[in-house]
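In what follows, a structure is listed as structure tokens, so that the remarks can point back to it.
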Amino acid sequence: MVKEIERYGIPIIHMATITTISESVGANRIVPTIAIPYPVGDPSLKPEGELELRRDMVKKALNALATEITEITQFE
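Under our numbering, read the sequence shown as residues 1 to 76, first letter to last.
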């Protein structure tokens, strides 16, 4: 599905814990996440720390959207 959406010129960010699966399904822009049960969070953090973590992940995803790429790229 990722390839089909990008074929229409809409860039997609695939945020995933297991990035090898993202690569195998054809995702071009991959942002690694934290853990399988909590991909974009960390319940061990205080609320302020988790909010900062989530903001950083969203910023990373937005930067990935704005980046021109020619091959599969992981944004660490």
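Just so it is clear, CB atoms sit at the ideal spot from N, CA and C, and this is done for glycine as well.
query: Can you tell me whether DSSP reads V25 as helix, strand or coil?
result: Coil, per DSSP.
message: If you measure between the beta carbons of A27 and V2, is that distance less than 8 Å?
response: Going by C-beta atoms, A27 is nearer than 8 Å to V2.
- request: Note down, in chain order, each residue of its chain lying with its Cβ closer than 6 Å to the Cβ of I34, except the 5 sequence neighbours on either side.
  value: Excluding residues within five positions, the ones whose Cβ falls inside 6 Å are D42.
- prompt: Considering only residues of the same chain and omitting the five flanking positions on each side of Q74, which have a CB-CB separation below 8 Å?
  reply: The residues are T19, I30, V31, P32.
- prompt: If we ignore side chains and look at the alpha-carbon of each, how far apart do I36 and L53 end up?
  reply: Distance between the alpha carbons of I36 and L53 is about 16 Å.
- request: Mind checking who M15 pairs with in its DSSP beta bridge?
  value: Beta-bridge pairing links M15 to V31.
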